[in-house]
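Have a look at the structure below before the remarks.
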Amino acid sequence: GFFLSNGPGDPEPLTEAITLTQQVIESGKPVFGICLGHQLIALSQGVPTYKMRNGHRGINHPVKNLLTGKDEITSQNHGFAVDKELAEKNSNIEITHLHLNDGTVAGIRLKNHPVFSVQYHPEAAPGPHDASYLFDQFIELMTNNKWLMTSDKWLIKQHALQIMQGVLLYKNIALRCVRQYFCITLK
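Using the numbering used here, read the sequence shown as starting at 3 and increasing by one per residue.
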């Protein structure tokens with residue numbers, strides 16, 4: 003699987019990253035995007051972002067999961083958002099999360115690929131663990147995805163599961179290890 007992490011600034015000028023995100027999605031492998039990764043996924047599907055008048059900064063941002071109906075307390079730090087109107091019109095995108103303070107898009111998933119993303123930081127866990135289920139979903143996508151189930155990839159599967167389980171325990175430190183591991187393994 004691919005993990006598209008957070009990062010600073012305006013995502014629209016990142017044309018190489020947007021192209022790479024399209025290629026990653028077309029690979030058919032699971033993708034989980036956080037913050038900038040969320041915006042790159044939207045941009046790769048033709049949905050623009052915009053600069054917010056007031057960005058979201060802090061640890062007490064309420065978000066509604068539209069799939070479960072549950073509210074989550076999230077940590078956010080961004081000044082750009084995905085265009086909600088165009089995301090709703092895109093037949094390949096389903097909006098999964100909304101920010102309850104201003105109605106901005108806080109999560110999406112693709113209908114034709116194992117890809118999902120959130121605008122906030124589930125690794126920060128301010129709720130204290132309201133959004134940790136997202137890592138479970140990513141692990142499940144990787145576990146059930148056929149590219150990991152082939153016999154020649156069995157060791158990669160086992161190692162990936164061990165690393166992803168570490169994410170749940172060690173969050174920020176393990177996320178850096180996951181990025182390094184998958185960058186090396188999947189080249």
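Glycine residues also receive a C-beta, built at the ideal position from the N, C-alpha and C atoms.
Pick from Glu-74, Lys-53, Gln-47 and Gly-39 that is closest to Asn-103, judged by C-alpha positions: Glu-74
Beta-carbon separation (whole angstroms), Asp-85 vs Val-49, contact threshold 8 Å: 6 Å
Runs of alpha helix (DSSP H) lying entirely within the stretch 50-117, each at least 4 residues, in chain order: 86-91
Assigned exposure category for Asn-146 - 16 Cβ within 10 Å defines buried: exposed
Which residues DSSP lists as bridging Gly-35, in chain order: Leu-6 and Ser-119
Enclosing alpha helix (DSSP H) for Gln-139 [first to last residue]: 135-146
Close-in-space but distant-in-sequence residues of the same chain around His-63 (CB under 6 Å, 5 per side omitted): Thr-76 and Gln-78
C-beta contact flag for Ile-36 and His-123 at 8 Å: yes
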